[in-house]
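Okay, structure first, notes after.
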Ligand code: CA
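In our numbering, the protein residues as written are 63 to 450.
Now the structure itself:
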């Protein structure tokens, strides 16, 4: 079998309302799908992490840099292809956009391998440790409003996400340390005492501000404090983890096994959050997962993007071994964005309907069992939203 073409589809639409996190506000939803075609008529789908113009730039890497390297190669040789591409791009970027671009291609090759074998990807990896996964719902995005009205909105939204059936919820913070503590108090008020919530700072704090907010999160019983400080600040992560009781999580901005080796050896994370659509795809994710577990660091995948990314993560969460194992293990959760996203809800010929499953099945979503990713994107839908 031979690879005959690799195409990127960048999809975009205007959000009904602007959303924000600690770094910026955004008004458009983007998804970057990768389609790998073969001479035997089997097509694989993947997805690259990266919004807006980053997606358009990554499309250039996928189609104009990676595609010529691997045209004519056997798509079943995905590890050979991974190393060929990585080695040829090493001088031009061991992290960031080249890895995001390679991720989408690698995921598509796994989809092809599953379709050739007639098996879902979790079977190719080694089987399902679980056939459904608990789902946490995130929302509570920043908006251009004052802190008082944001607190009131966060209380309402937190209660609404809990009422939808999710097993936990995650909020954004980033107004500044003092107001962020008020936002976290508002979320605790919304969900009540006996429900997990997490706070995501998207690396906006200095270490001292992170200690201030982290102590408050500790008192509120938050489950984790995500990306408190810049991902490059490994010493800061180590100090925070040693000094705070709340779990420190992060890793979505780290790439490949070598980046993760440094991150894990710094001992700054209680919970690792690799992003499969950025880290180097499924091939590299599996190596990083092994590294995390070798350090006894539990993994809760970072999830962003379209239904292709959600399906990819469902496959990976099914195949993740329990750490450390036991009768009643704490299971890895699927991260699920509760804000407006047509690319997650309407992209597939048969939608995953995560929200419906969560509402019906005690906060859990089933792992797709069809070949490969177990999904089929709708080409008419793609054509309608594609930008160039
Ligand atoms: Ca995050």
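Glycine residues also receive a C-beta, built at the ideal position from the N, C-alpha and C atoms. This one's a predicted model, so the numbers in the text were calculated from it and none came from an experiment.
Apart from the five residues just before and just after residue 129, which ones in its own chain have a Cβ nearer than 6 Å to its Cβ? If we look at residue 129 and ignore the five residues flanking it on each side, its Cβ neighbours are 68.
Indicate, with yes or no, if ligand 1 has a heavy atom lying under 7 Å from the CB of residue 355. Not so, every heavy atom of ligand 1 lies at least 7 Å from the Cβ.
For ligand 1, I want to know if residue 294 counts as a neighbour, meaning its beta carbon is within less than 7 Å of at least one of the ligand's heavy atoms. Checking the Cβ of residue 294 against ligand 1 gives no.
Whether or not the segment 195-207 and the segment 387-401 are in contact is what I'm after, with contact meaning three or more pairs of Cβ atoms, one per stretch, closer than 8 Å; do they touch? The answer is yes - the segment 195-207 touches the segment 387-401, with three or more Cβ pairs under 8 Å.
Check whether residue 89 and residue 80 have beta carbons under 8 Å apart: For residue 89 and residue 80, yes; Cβs fall inside 8 Å.
Buried versus exposed call for residue 307 [16 or more other C-beta atoms within 10 Å across all chains shown]: Of the residues assessed, residue 307 falls on the exposed side of the cut-off, its CB having fewer than 16 other CB atoms within 10 angstroms.
Where residue 358 and residue 320 are concerned, what is the direct C-alpha to C-alpha distance, given to the nearest angstrom? CA-CA distance, residue 358 to residue 320, rounds to 17 Å.
Quick check on residue 107: does DSSP put it in helix, strand or coil? Annotated three-state conformation of residue 107 is strand, per DSSP.
Go to residue 273, then tell me how far its alpha helix (DSSP H) extends in each direction, as first and last residue. In this chain, the alpha helix (DSSP H) harbouring residue 273 covers 269-282.
Which residues does DSSP pair with residue 64 in a beta bridge? The bridge partners DSSP lists for residue 64 come to none.
Taking 7 Å as the cut-off, does the CB of residue 153 come closer than this to any heavy atom belonging to ligand 1? Incorrect: residue 153 has no Cβ contact closer than 7 Å to ligand 1.
Could you check where the alpha helix (DSSP H) with residue 398 kicks off and where it finishes? Residue 398 -> not in any alpha helix (DSSP H); beta strand (DSSP E) instead, spanning 396-399.
Where does residue 369 land, buried or exposed, given buried means 16+ other C-beta within 10 angstroms? The residue is buried, with at least 16 neighbouring Cβ atoms inside 10 Å.
Compute every distance between the C-beta of residue 316 and the non-hydrogen atoms of ligand 1, then say whether any falls below 7 Å. The nearest non-hydrogen atom of ligand 1 is 7 Å or more from the C-beta of residue 316.
Taking residue 338 as the reference, which of 367, 115 and 311 has the closest Cα? Closest in C-alpha terms to residue 338, from the list 367, 115 and 311, comes 367.
Close-in-space but distant-in-sequence residues of the same chain around residue 175 (CB under 7 Å, 5 per side omitted): Taken in chain order, the residues that qualify are 138, 140 and 186.
How long is the line joining the alpha carbons of residue 536 and residue 256, rounded to whole angstroms? Past the edges of the chain, shown from 63 to 450, lies residue 536, and the structure says nothing about it.
Pick from 385, 272 and 233: whose alpha carbon is nearest that of residue 205? Nearest option by C-alpha distance: 233.
Residue 324 classed as buried or exposed, judged by whether at least 16 other C-beta atoms fall within 10 angstroms: By the C-beta density criterion, residue 324 is exposed, having fewer than 16 other C-beta atoms within 10 angstroms.
Contact under 8 Å by Cβ, residue 318 with residue 335: Contact: no.
Could you spell out where the alpha helix (DSSP H) holding residue 285 opens and where it closes? DSSP places residue 285 outside any alpha helix (DSSP H), giving it a letter other than H or E.
Any heavy atom of ligand 1 within a distance shorter than 7 Å of the CB on residue 264? True, at least one ligand heavy atom lies under 7 Å from that Cβ.
Which residue marks the beginning of the alpha helix (DSSP H) containing residue 165, and which one marks its end? Segment 159-179, the alpha helix (DSSP H) holding residue 165.
Going along the chain, which residues of its own chain have a beta-carbon closer than 8 Å to the beta-carbon of residue 216, five neighbours each way excluded? Non-local beta-carbon contacts of residue 216 in its own chain, meaning distances under 8 Å to residues more than five positions away in sequence, involve 202, 233, 245, 248, 249 and 252 in chain order.
So does residue 364 have its beta carbon nearer than 7 Å to some heavy atom of ligand 1? If you check the C-beta of residue 364 against ligand 1, you find a heavy atom less than 7 Å away.
When 365, 71 and 380 are compared against residue 114, the one with the closest alpha-carbon: Nearest option by C-alpha distance: 71.
Quick one: what's got a C-beta closer than 7 Å to residue 102's C-beta in the same chain, skipping five residues either side? If we look at residue 102 and ignore the five residues flanking it on each side, its Cβ neighbours are 63.
Residue 222 to residue 425, Cα distance in whole Å? Distance between the alpha carbons of residue 222 and residue 425 is about 14 Å.
Residues of its chain near residue 431, where Cβ-Cβ distance is below 7 Å and the 5 sequence neighbours each way are ignored: Excluding positions up to five away in sequence, the list reads 182.
Is the separation between the beta-carbon of residue 340 and that of residue 184 shorter than 8 Å? Not a contact, by the Cβ cut-off of 8 Å.
Please tell me whether residue 73 and residue 347 are closer than 8 Å, where the distance is taken between their beta carbons. No, they are not a contact pair.
What did DSSP end up calling residue 99 once you bin it into helix, strand or coil? Under the three-state reduction of DSSP output, residue 99 falls in the strand class.
Between the beta-carbon of residue 109 and the beta-carbon of residue 96, is there less than 8 Å? A contact, by the Cβ cut-off of 8 Å.
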